[in-house]
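Just below is one structure, and these are the notes that go with it.
In the working numbering, the protein residues as written are 2 to 326.
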């Protein structure tokens with residue numbers, strides 16, 4: 002016969018065993034739950050990261066697509082504007098044209114002295130648009146937008162664009178197209194310290210460095226001497242007259258602080274005297290990495306084209322040319 006103590010002892014052992022098993026099962030359950038929770042957490046984090054990466058990719062793809070679409074749209078508009086330049090016969094002008102006979106200095110290519118200039122009388126056709134006398138060939142474009150001041154072209158490149166000038170807000174077209182609508186590429190514009198009518202000793206035109214090789218992107222190609230040799234000439238026909246320039250310098254530089262006393266190409270518009278002009282020419286020639294045999298002398302008129310360059314902070318690439326006709 003079992004004693005009461007033996008029964009109590011047996012019950013106690015069974016209870017302990019049951020409790021241990023329950024605790025073990027509970028611990029295993031907690032461990033399994035923790036494992037599942039950790040797995041779910043990892044999956045959740047993974048899904049969040051996938052979502053973020055997908056969102057970034059879609060945004061980037063959309064931004065790039067929008068960038069190229071806007072560039073395409075701008076180029077389409079410029080193509081339309083090019084067709085608006087009127088091809089007129091100087092000898093048989095339209096009835097509404099104003100004919101001016103202007104005396105110009107030109108170099109006779111048949112002359113033994115290539116620097117000797119001769120005076121010739123040429124006909125120029127104009128029209129009056131909203132009280133302003135403009136070249137006849139530009140009358141339709143000027144009617145479209147009176148901020149238009151001229152057309153810049155470098156043969157053999159994509160640089161073939163209208164140029165704007167807004168004295169009250171120089172950078173108005175920095176991020177606007179010809180029509181004044183937002184544009185990442187903007188439109189070429191003139192520094193308002195320049196004088197195109199007189200003209201000033203130097204005219205500066207600014208334009209964006211676009212990845213799509215549009216606007217002023219191809220200016221940086223002048224860093225290569227072979228590119229210069231095949232693109233020596235620039236035409237900038239304004240509402241006042243036609244002009245051809247020859248490149249004399251091409252260089253990298255940067256925008257300096259106000260306190261910096263170094264050479265600032267963007268501060269030169271009219272030379273105080275011959276010494277100041279010669280100093281400017283000497284500076285731009287010294288910054289050019291290769292030899293350009295053509296130079297400029299006091300009395301010459303210059304054209305400066307400026308765009309961003311990414312060789313340093315606030316970097317710029319600049320091409321300077323002198324008027325030859």
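All residues carry an ideal CB built from backbone N, CA and C; glycine is no exception.
Taking residue i as the reference, give the member of the options with the closest Cα.
i: residue 277; options: 305, 300, 200; result: 300
i: residue 271; options: 149, 202, 230; result: 202
i: residue 183; options: 74, 316, 129; result: 74
i: residue 257; options: 314, 241, 123, 175; result: 314
i: residue 142; options: 88, 321, 290; result: 88
i: residue 311; options: 250, 220, 187; result: 220
i: residue 207; options: 225, 186, 274, 226; result: 186
i: residue 275; options: 255, 254, 302; result: 302
i: residue 248; options: 224, 76, 265; result: 224
i: residue 126; options: 78, 138, 120; result: 138
i: residue 297; options: 264, 250, 267; result: 250
i: residue 154; options: 179, 144, 96, 189; result: 189
i: residue 86; options: 268, 238, 252; result: 238
i: residue 123; options: 222, 91, 98, 293; result: 91
i: residue 120; options: 146, 130, 174, 105; result: 105
i: residue 130; options: 236, 98, 152; result: 98
i: residue 360; options: 253, 236, 151; result: In the structure as shown, the chain starts at 2 and stops at 326, and residue 360 therefore has no counterpart that could be examined.
i: residue 95; options: 132, 136, 78, 152; result: 136
i: residue 149; options: 180, 176, 132, 128; result: 180
i: residue 80; options: 147, 152, 170, 134; result: 152
i: residue 84; options: 147, 273, 140, 266; result: 140
i: residue 100; options: 76, 283, 128, 174; result: 128
Classify residue i: buried if its beta carbon has 16 or more other beta carbons within 10 angstroms, exposed otherwise.
i: residue 200; result: buried
i: residue 262; result: exposed
i: residue 291; result: exposed
i: residue 64; result: Residue placement at residue 64 is poorly supported in this model, since its pLDDT is 47, which falls under 50; the coordinates are not used for a value here.
i: residue 323; result: buried
i: residue 317; result: buried
i: residue 244; result: buried
i: residue 157; result: exposed
i: residue 321; result: buried
i: residue 331; result: Because the chain is modelled from 2 through 326, residue 331 falls outside the range shown and cannot be assessed.
i: residue 326; result: exposed
i: residue 172; result: exposed
i: residue 103; result: exposed
i: residue 178; result: buried
i: residue 191; result: buried
i: residue 289; result: buried
i: residue 53; result: exposed
i: residue 195; result: buried
Can you name the start and end residues of the beta strand (DSSP E) that residue i belongs to?
i: residue 185; result: No beta strand (DSSP E) contains residue 185, which DSSP labels as neither H nor E.
i: residue 229; result: Per DSSP, residue 229 belongs to no beta strand (DSSP E); it is in the alpha helix (DSSP H), 226–231.
i: residue 214; result: Counting along the chain, residue 214 falls outside any beta strand (DSSP E), and DSSP gives it neither H nor E.
i: residue 255; result: 245–255
i: residue 181; result: Residue 181 -> no beta strand (DSSP E), and no H or E assigned at all.
i: residue 294; result: Neither: residue 294 is in no beta strand (DSSP E) and is coded neither H nor E.
i: residue 305; result: 303–309
i: residue 270; result: Per DSSP, residue 270 belongs to no beta strand (DSSP E) and is neither H nor E.
i: residue 237; result: 234–239
i: residue 136; result: 133–136
i: residue 221; result: No beta strand (DSSP E) holds residue 221; DSSP gives it neither H nor E.
i: residue 163; result: 161–165
i: residue 154; result: 149–154
i: residue 207; result: 203–207
i: residue 191; result: 189–191
Give the range of the alpha helix (DSSP H) segment to which residue i is assigned.
i: residue 285; result: 275–288
i: residue 120; result: Counting along the chain, residue 120 falls outside any alpha helix (DSSP H), though it belongs to the beta strand (DSSP E) covering 118–130.
i: residue 325; result: Element bounds for residue 325: n/a, residue is neither H nor E.
i: residue 142; result: 140–145
Just confirm the distance between the C-beta atoms of residue i and residue j, as a whole number of angstroms; I'd bet it's less than 8 Å.
i: residue 319; j: residue 306; result: 7 Å
i: residue 234; j: residue 246; result: 7 Å
i: residue 309; j: residue 232; result: Contact flag wrong, Cβ pair sits at about 20 Å.
i: residue 304; j: residue 241; result: Contact doesn't hold; Cβ gap of about 14 Å is too wide.
i: residue 193; j: residue 166; result: 7 Å
i: residue 281; j: residue 269; result: 5 Å
Considering only heavy atoms of the ligand NAP, does any lie closer than 8 Å to the CB of residue i?
i: residue 249; result: Ligands displayed in this structure: none; no statement on the ligand NAP is therefore possible.
Exercise for the section: Evaluate the contact criterion for the stretch 211–218 versus the stretch 147–166: three or more CB pairs, one atom per stretch, below 8 Å. Expected result: yes
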